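Residue numbers (this note's numbering): 848 to 933.
Shown next as structure tokens:
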């Protein structure tokens with residue numbers, strides 16, 4: 848039997864991808880917002896594909912803030928941009 852690969856939707860381009868291909872941004876139960884490269888941290892997650900244009904779209908349309916139900920700091924956006932360049 849084939850193992851089911853979890854799909855998640857990118858907040859930028861709104862296309863579905865395998866979960867492992869996307870970067871997860873998580874809002875922890877304490878309210879901290881951080882990048883979750885393991886995909887295992889507890890909290891509310893939002894996904895963005897490894898594309899700078901998608902990050903810009905998600906921020907411009909306020910999808911990241913809406914999805915995480917929190918404000919996104921400039922530092923986190925810079926950190927995300929660096930992560931996309933890897």
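Note that beta-carbon positions come from the ideal geometry of N, C-alpha and C, so glycine has one too. Computed from a predicted structure; not experimentally measured.
Here's the rule I'm using: 16 or more other beta-carbon atoms within 10 Å means buried, otherwise exposed. How should residue 852 be labelled? exposed
Member of 865, 892, 861, 931 whose CA lies at the smallest distance from the CA of residue 876: 892
4 or more residues per run - each alpha helix (DSSP H) lying fully within the region 898 to 932: 899 to 907, 910 to 915, 921 to 932
Excluding five sequence neighbours on each side, which residues of the same chain lie with their C-beta closer than 7 Å to the C-beta of residue 923? 880
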